[in-house]
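Protein sequence lines correspond, in order, to chains A, B and C. Anchor point for the first sequence: position 123 equals 123 in my numbering, and the numbering is continuous, going up by one each time. Anchor point for the second sequence: position 421 equals 421 in my numbering, and the numbering is continuous, going up by one each time. Anchor point for the third sequence: position 232 equals 232 in my numbering, and the numbering is continuous, going up by one each time.
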Amino acid sequence: MAPAPSTYSVITLNVNGEKYTLPVDHRTTLLDALREHLDLTGSKKGCDQGQCGACTVLLDGRRAVSCLQLAVAAEGRAITTIEGVADGERLHPVQQAFLDLDGYQCGYCTPGQICSALGVIEEHAAGWPSAVTADVRPEAGTPSLSAEEIRERMSGNLCRCGAYVSIVQAVAQAAEAHTAQSHTPETHTPETHTTRTGTAEDRSAEAKEATA
Amino acid sequence: MTTTTTGTSTVNGSVGTAHTRVEGRDKVTGAARYAAEIPFDELAHGWLVVSTIARGRIRSLETAPVLEMTGVLTVLHHHNAPRVDSDYVGMLGTPDPTAAVFQHDRVPHMGWPVALVVAETPEQAREAAEALVVRYEEEPHDVAFSGERPDAYAAEGHMPAVTEKGDLDSELAASAVVVDAEYTTPEEHHSPMEPHAATARWDGGRLEVLDSNQGTTWVQGELAKMFSLDPDSVRVRSEHVGGGFGSKGLRAHQVAAVMAATALQRPVRVVLTRRQMFSLTGYRSPTTQRIRLGADADGRLRALEHRSLSLTSTVHEFVEPSAGVARVMYDADAHHTANRLVRLDVPTPTWMRAPGEAPGSFALEAALDELAEKCGIDPIELRARNKPERGPVSGLPFSTHNLLACFQEGARRFGWADRDPRPGLRRNGRWLLGTGTAAASFGAGAMPSTAVVTAEADGTFTVRIAAADIGTGARTALTLVAADALEVTPDRVHVRIGDSDFGPAMIAGGSMGTRSWAWAVTAAAAELRERLTLGTGIPPEGITVRSDTSAAIGALAQKERHSFGAQFAEVAVDVTTGEVRVRRMLGIFAAGRIVNPLTARSQFVGGMTWGISMALHEEAVRDQASGGHYGADLAGYHVAAHADVPHIEADWVDDPDPDDPVGIKGIGEVGIVGAAAAIANAVWHATGVRHRHLPIRPDRVLPAGAAAEGERDA
Amino acid sequence: MREFGYERAVDVSGAVTLLDTDPDARFLGGGTNLVDLMKAGVERPARLVDVRELPLDRIESAPDGGLLIGATVTNSDLAAHPEVRRRYPALAQAVLAGASGQLRNMATVGGNLLQRTRCGYFTDVTAPCNKRLPGSGCPAIEGEHHNHAILGASEHCVATHPSDMAVALAAFDAVVSYETAHGPGELPLADFYLPVGDTPHLETALPSGALITGITLPPAPVATLSRYRKVRERASYAFAIGSIAAALDVRDGVVRDVRLAFGAVSSRPWRATAAEHALRGAPADAESFAAAADAELAAAEPLPHNGYKVTLIRNLVVAVLTELTEEAAR
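What follows is the structure, given as C-alpha cells:
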C-alpha cells in the first residue's frame, strides 16, 4: 500500500507571459485557479464539465477547455487567456470583429468563443481538416474557411443567446484579416519552458516529421 | 464605439442608428465581471445539497462528520436556518416557496435544496456537500404528465383560464374543412451560459447581494420581504448578467447565501452547478395542446378551439398559458380557449422566453398550416383572410396590427411566390427540401419605472436606472434614448444599471424592459433639459432629476398591443437517418421603433435561433422511476450549436407604437414565436409528414419517413 | 470530489510501477473524461499519475505499411496526420466527428479507448447503475433508453460505448499495446472490450494497472477508400445515436474486401463481421448491402424506444457503401 500522497502542490503557472507561483489543491482546475486564485475571471465557468466551451483558453497555443484541465497538470505549459489576447490597448482582430459585428449578447460565452476562434484560425492555417471537410486526404488540400467550416469548428462553444450568426461572420472577417497580414497572437511562451510548446502548426509539423 | 457616424454636431438621431455595445470592449477582453467574479476578503463558498428523492420528508442529516472536515464552516438546514417569510406578495405576485430554503422537512421534488455546506474553498465545500448523509422518508411520487390527467384544472395565471364564445360543436359541424390535432412540446430549460450565482455580505448594517438577475429592485424587494428587512437596508447589484431568459429571479442560491452570510458574518458566495440549475431555476412546462379548427372552403374560420395543458409543482402555481396566443391571432364565430394545469411532484416551472406564445404558436401555427393544406389555400393568404379587426376575445382595437406587412415583405425576400405547395417533391442528394412559414405575436407593454438623470458639471450626463442588461443591449439602447432625449451625442451619456439603489424599475422580462426603462429615462431627461434651459449653470454636484412613469403608464388606454412577425424557414430532411437541418431562416417583424438596429437584429436572430433549438433539439427528460432528470447537463440537454444554425436574416417594417414616447414595443421574445412552427411546417413540405411533437428528432423522423404519393398526412 | 495525490510520470516503467502499488490510483491523460467523472463523483481516485508527457506522442509508419500510434497522441494530431488521412481516412473522419476542437486537442488516443459510457444513469451518482455500482440495477431498461444499445447488451446494462475513434479502429483491426509492472502485452481491439454479461462494470480486458502505450494499425489497402458517417441529435458536438465506419474494395461490380463497424449501438464498437462475410464476393449494389446489414442486425434486440436504431444502421450501411461504390467507380 502506497503512503497517502500529498493532496496539494505549489506550482508555477505561465499565464499570458507572466509567471504565477501558487499553492493548489490538486482538485483545483485550471479554470478555478485562473478565476479564484489569479483573479483572471475572463475565462468563464458555464458548465464545469467540458460541455459548453465558455472556459476555453489556449494551452501551448492550442485551444482547450480549462474546466477539465487540472491546474497542477498545467504547470510548465504556456497558457493564454482572454486577458492576454489584446496587444495592450489594441484589440486583436478577432476581438474587434466580435465587437463590430455584435458577435455576442450576454457576453458570457464570448471569451471562450474568441479563444476558440484563435485556435480555429491557427488550426485551419495548419491545414487541419474538420468533420465537414468533404475529402480529408492530404492530397485534397486545405478546405477554405467557409461559413460551414467555421460553424463546425466552432461548435464546441455554445451560445445560448443565439449569437451564432454574427459570431460566424466575425470569425470569417478576422480569419480573412489573418490571411491577409498573418497577424498571430502572442502565445507568451516563456523562456524557461521544459515541456512541449508551440503552435498548432509546430505540433503538426512535429508529428509529420515522425512519419518520415 | 459606433459603427456609423455620430458626427460632432449631431444632437439627435441616435435612436435608429446602429451602435456597438457600450460595454462591448469589456466583454471581448474579459474585463466584464459577472456575479461570481468579484473578489472579497474572507470570502466563504457555499455548496447546495439537494434531495435525491422526489417526494417525502427529511428524516435526518448527519452533519457532525461534515463539520469535522477540513475547511468546513457551517452546514445550514431546516433545523438551524433562519426562519423566513414566504407569505407575501412581491412585485410579480406571491413567491415560489422553492426559494425559501431550509424551512421545513418536506421534499416536494427531486433536487430540492436540503442543506448548504459552507467552507473556505469551493473544493472543500463541494467535497463536504457530497459527503453529507441525508436520510429520507420516501413517499410515492407522481411525475407522469399526459393529456389524460383527470385531476387537471383550469388555471388563470396572469390571464383568464377559459374564454368561450359561440357554439363550437355546431360551427365545427357546419365547417367545410376541419383540423383536429394534438400537439406536444417537451420540458425545456433556459440554460443561460452563466450559472446562477450570488455573493451576500453585510456591510455597515446593510445587506449587499452581488447577483446575476433580471431585476435588482425586484430581487431586493423579495429578499427584504423574505428576511423582514427594511428595503433600504438591502442592496442588490447585478452589473453583467450572462443570460436569463426568465430564469433569473429570486432563487435558492441568493436566499441560502444571505442566510450563510448572516450566520457567519462574512461574505458567502453560492454558485449553482449546471446540474442543480435543472431543478432549481425554473423551466418551461411541457404542454399538450389540442387544436380544433373549422373553416369554410375559402379558409375563413368558423370555429377555433385551443386547449393547453401544462404542469406545475405541488408548492406553487405557475401556468404556461399556451392557449393565450389564439386570443390574439385569429377570430372565429365559435372561439374557445383554455389553459389547464396539473400539479405533480416536480419543480415549479417559470417564465421562459415567450411564455405561452412559444409553445402555443407552435401548435396554432402548425394547425393553420394543416388547414391551409386542406383548403388548398396558400398559408399566407389563409392568415390574411383571418386577420382579426379587433381582439378576438377582448373586442378591443389593436394599437397597430402590421402582421400582413411582415408577410408581404417576408414573402418577397424569401421567394415565397415561387413555392410549389405540394409536399415531398424537392430533393438534393440525400436531402428532401421544404419551406414553411408561420405568424408570430407577442404582447407589447410597459411597467412603471423610475430613472435618475444627472447633468454633470463636466458637460456629460449620468443616467441611473435599475435596469438589467441580460444580453439584450439595454445599456446601449438606453444610452441612445437618453442621448436623443437630452439632444446630445451618445458619448456624453453614461448609463449605469443593475443596482437596486437606483430605485424601482421594471425587470428585464416580458419584452417590456427597454420600453419601460426608456420611458422613465425620456421623462427624466425631458425635465432635466427644461431645468438646464433656465441657464443657471451646473453646480459641482450636478443637477439631478428623478422620474416616475407610474401615472403615465396607468393612464394608457386599454388596447390590444402586440408585436407581430412572419417567420420563414427552409429545411433539409434525410428521412433515412432522421436528420433535419435548417438551411435558412428569415423573420420580418413589426415590433415598434427599433432603437439600435445592430443589437435589435441580434435579439430577433437570437430568438429565431431558439426556435431552431426548440424545433429540433431541446427536451429535458424526466425519469419516471426516480422523478428526476435524465442527463441534466449540456451534453444531455441539447441546445443548438454553431453547426445547427444557418444564416438567419431578421428585419423589420416600420411600426412605431403610437402611445410610447419613443415608439418602442419590445423585441426580446417575438423572435422565437412561430419559429418552431415554421420549421415544422417546412419539414412537412419536405417530407409530406406532419410532426406534431417536438423536438423533431431523428428517433421521430426516421420511423415516420416520408409519405408516399397519395397517402400524405394521416 | 475527494482529495488526491498527483504525480507526473517521466517514463513508462515508472508510471506502471506507481499504479501497480496503489489500487486507488488512475492514469491521467487529457483528463477530458476522467476529470469530468471525478467531478460527478463517479470516479474517486486517491492518486493521479499524469502520463500526458510520456514520450508516447509519435505516429510512425511501420515497415509493413501500417501505422504505430502512440497512446498520448492527441485526437487532434491523429486526425491531422497526413498518413492517417491518406491511408485510413475513416479514422481521421471518426476522430473529427467526436467532441469539439478543444476536447480533441486535450484528449489522448489511449484515453479515448478507455472513456466511459455517457449513459445518464451512469453519470448520475444518485441513480442505480450496475456499471457504476454492481447489483444496483439498470434503470435504463424501463426508463430512458432512446440512445442505448441494440446489440450485445444484457439485462444488466444497455449502455453504449461513446467513442467514434474506436469504431474506425475496430473496422481496421487495430491492436492495443500496453505495459504493466510485470511486462508488456497486446490486445486486438476485437478482444479489448469485454462482453457485458452480468459484469458491466468490467469494461476491458486490460490487466489491472496496465498503461496503454500505443495502437498498431495493420496495413489495410481497403482502408484508403473508407468513410465514417455519424448521426447525432445536433449537427455537431454531440455523441452519436448511430455511426458507421466502412471501407470498400470493389472490382468489376463485386465486393472484394469490406470493413464495417457500428458505433452507438453496443457497449463496444461493433465490428459487423456477419455483414462483412455476407458482402465478400457479393455484387456491390444496394440489395446486397441491405441484405448484409440485415444479416448483422438479425442479432439486434431493441428496447421499446430505440428500435429506430436498427433502421438507422441499416440505412447507413446502404447509404455509405453505395457512396463508396460510386466513389470507387470514379
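Note that beta-carbon positions come from the ideal geometry of N, C-alpha and C, so glycine has one too.
Item to complete: Please confirm whether HIS240/B and PRO423/B have their CB atoms less than 8 Å apart.
Response: no
Fill in: Beta carbon proximity, LEU68/A to chain B, threshold 8 Å
no
Practice prompt. Pick helix, strand or coil for ILE212/C, following the three-state DSSP scheme.
Written response: strand
Discussion item. Rounding to the nearest angstrom, what Cα-Cα distance links VAL318/C and ALA293/C in this structure?
Written reply: 8 Å
Worksheet item: How about PHE245/B and HIS190/B: do their beta carbons lie closer than 8 Å?
Response: yes
Fill in: Option nearest LEU54/C by Cα separation, candidates THR32/C, ILE69/C and VAL12/C
VAL12/C
Worksheet item: Just to confirm, are GLN103/B and ARG126/B a CB contact at a threshold of 8 Å?
Response: no
Item to complete: Report the neighbours of HIS26/A on chain C: residues whose CB is nearer than 8 Å to its CB, in chain order.
Response: GLU3, PHE4, GLY5, TYR6 and LEU48
Item to complete: Please name the residue in VAL51/C, GLY30/C, ALA40/C and GLY41/C whose C-alpha comes closest to that of LEU19/C.
Response: VAL51/C
Worksheet item: Going along the chain, which residues of its own chain have a beta-carbon closer than 7 Å to the beta-carbon of ASP85/B, five neighbours each way excluded?
Response: LYS225, MET226 and SER228
Fill in: contact_flag[the stretch 631 to 649 of chain B, the stretch 594 to 612 of chain B] where n(CB pairs < 8 Å) is 3 or more
yes
Worksheet item: For CYS157/C, which beta-bridge partners are listed by DSSP?
Response: SER154/C
Worksheet item: chain B partners of THR12/A, CB-CB under 9 Å?
Response: The contacting residues do not exist; THR12/A stays about 20 Å from chain B at best.
Fill in: For MET154/A and ARG206/B, the rounded distance between their alpha carbons
45 Å
Practice prompt. For the alpha helix (DSSP H) holding LYS309/C, just list the boundary residues, first then last.
Written response: 308 to 329
Worksheet item: CB VAL75/B to CB VAL114/B, shorter than 8 Å?
Response: no
Worksheet item: Are the C-beta atoms of ALA238/C and some chain B residue less than 8 Å apart?
Response: yes
Worksheet entry | Chain-ordered neighbours of GLU62/B on chain C, where CB pairs are closer than 7 Å | Result: empty, since nearest Cβ-Cβ is about 17 Å, beyond 7 Å.
Item to complete: Report buried or exposed for GLN558/B, applying the criterion of at least 16 other Cβ atoms within 10 angstroms of its Cβ.
Response: exposed
Discussion item. So for GLY324/B, helix, strand or coil by DSSP?
Written reply: helix
Worksheet item: Excluding five sequence neighbours on each side, which residues of the same chain lie with their C-beta closer than 7 Å to the C-beta of VAL481/B?
Response: VAL15, ALA518, VAL521, THR522, VAL595 and VAL662
Discussion item. On the DSSP letters alone, give me the boundaries of the alpha helix (DSSP H) that PRO379/B sits inside.
Written reply: 379 to 385
Worksheet item: How do the stretch 308 to 324 of chain C and the stretch 276 to 295 of chain C stand: do at least 3 beta-carbon pairs fall below 8 Å, yes or no?
Response: yes
Discussion item. Counting only C-beta atoms, is GLN93/C closer than 8 Å to chain A at any point?
Written reply: yes
Fill in: ALA185/C - partner residues in DSSP beta bridges
Looking at the sequence provided, one finds Gly at residue 185/C rather than Ala. Bridge partners of GLY185/C: TYR178/C.
Item to complete: Report back the beta-carbon spacing between LEU368/B and ARG383/B to the nearest angstrom; my notes put them in contact at under 8 Å.
Response: 7 Å
Fill in: Neighbouring residues, chain B, relative to PRO5/A (Cβ below 8 Å)
Here the premise fails: no neighbours, minimum Cβ distance about 16 Å.
Worksheet item: In or out: PHE123/C buried (at least 16 other Cβ within 10 Å) or exposed?
Response: In the sequence as presented, Phe is not what sits at residue 123/C; that position holds Thr. Result: buried.
Worksheet item: Counting only beta-carbon atoms, is ALA221/A nearer than 8 Å to chain C?
Response: This structure cannot settle anything about residue 221/A, because the visible part of chain A is limited to 1 through 212.
Worksheet entry | Whether PHE568/B touches THR435/B by CB criterion (8 Å) | yes
Worksheet item: Three-state secondary structure (DSSP) at PHE414/B?
Response: helix
Item to complete: Can you give me the start and stop residues for the alpha helix (DSSP H) that VAL109/C sits inside?
Response: 109 to 114
Worksheet entry | Reduced DSSP category for THR189/A - H, G, I as helix; E, B as strand; rest coil | Its pLDDT being 40, under 50, THR189/A is placed unreliably in this model, and the coordinates cannot settle the point.
Worksheet entry | Where SER9/A falls: helix, strand or coil (DSSP) | strand
Worksheet item: Are the Cβ atoms of THR400/B and ASP655/B separated by less than 8 Å?
Response: yes
Fill in: Span separating the alpha-carbon of ARG135/B from that of VAL393/B
52 Å
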